[in-house]
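Student: The structure's right below; bear with me while I get my questions together.
Residue numbers (full-length UniProt numbering): 1 to 269.
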């Protein structure tokens with residue numbers, strides 16, 4: 001029987017590449033995003049790669065849209081084997097500059113969107129003995145300056161994934177969490193923050209990355225097959241995580257220096 005996977009944020013970037021990677025194995029895919037034109041392009045690429053499926057507009061902030069997506073998977077596929085909670089948005093700004101609205105938006109999409117995705121699809125996954133793949137970020141492990149709301153949301157995704165890992169073992173639902181560093185993607189399209197200079201800085205990091213979204217999708221596929229829980233696609237990310245565990249104070253000192261440089265570059269208010 002053909003396996004079935006649901007991916008949020010599938011209209012572009014990493015979500016699209018994950019869709020193509022699983023499509024090459026002949027999977028049936030439920031593709032969700034707020035970007036309907038992007039979704040149609042992804043479905044076309046999925047079919048060229050050897051998979052098939054359907055698209056459905058879905059805003060992960062709205063639980064009823066996620067439950068409708070789960071119902072569509074049940075109706076069209078008879079269930080689901082894997083879900084990938086990948087939809088996310090970027091934001092940045094020093095804590096003093098971020099508004100509470102910036103915080104609400106970030107938590108609503110990047111954290112609660114994942115919570116709601118897991119909640120909506122859990123009954124189907126329990127039935128299929130399936131798996132959850134949550135896309136967090138290295139920001140969940142390495143809390144860099146100028147992005148506290150993003151850091152907190154992504155750390156929440158990691159904590160949720162750890163909680164589910166231990167709670168769902170008994171019902172044979174596997175859990176994985178992916179923590180990529182910066183990579184070549186269109187994340188900046190969604191960027192929201194009080195300081196335009198921050199967007200430019202993040203843009204440079206994205207462009208300078210040696211690893212593409214397709215590389216990350218390949219790495220995720222390989223690590224999921226190996227049963228790895230914490231998936232760190234970047235070598236530099238793995239090294240940084242090792243450093244933090246061994247000498248956290250050294251890392252905090254480096255981050256504090258980065259914060260000083262950021263303040264110096266920020267326009268005076």
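Beta carbons: idealized from backbone N, C-alpha and C, even for Gly.
Residues bridged to residue 84 by DSSP?
Tutor: Answer by DSSP bridge pairing, in chain order: 7, 133.
Student: What does a CB cutoff of less than 7 Å around residue 2 pick up in its chain, not counting 5 residues either side in sequence?
Tutor: Only 26, 27, 28 meet the Cβ criterion.
Student: Fully enclosed by the segment 113-176, which beta strand (DSSP E) runs are 3 residues long or longer?
Tutor: Correct list: 131-135.
Student: Do you know whose CA, among 15, 174, 58, lies nearest residue 226's CA?
Tutor: Looking at the Cα atoms, 174 is the closest of the given residues.
Student: With burial defined as no fewer than 16 other Cβ atoms inside 10 Å of the residue's Cβ, what is the status of residue 31: buried or exposed?
Tutor: By the 10 Å Cβ count, residue 31 comes out buried.
Student: Look up residue 28 in the DSSP assignment and give the residues it is bridged to.
Tutor: Answer by DSSP bridge pairing, in chain order: 4, 52.
Student: Looking only at its chain, what residues have a beta carbon closer than 6 Å to the beta carbon of residue 58, apart from the 5 residues adjacent to it on each side?
Tutor: These residues qualify, in order along the chain: 32, 65, 69.
Student: In the structure shown, what three-state DSSP assignment does residue 206 receive?
Tutor: Here residue 206 scores only 41 on pLDDT, less than 50, and its place in the model should not be relied on; the value that follows carries that caveat. Here residue 206 sits in helix by DSSP.
Student: Nearest CA to the CA of residue 92: which residue from 218, 154, 14?
Tutor: Nearest C-alpha to residue 92: 154.
Student: Determine the contact status of residue 53 and residue 127, defining contact as a CB-CB distance below 8 Å.
Tutor: Going by C-beta atoms, residue 53 is not nearer than 8 Å to residue 127.
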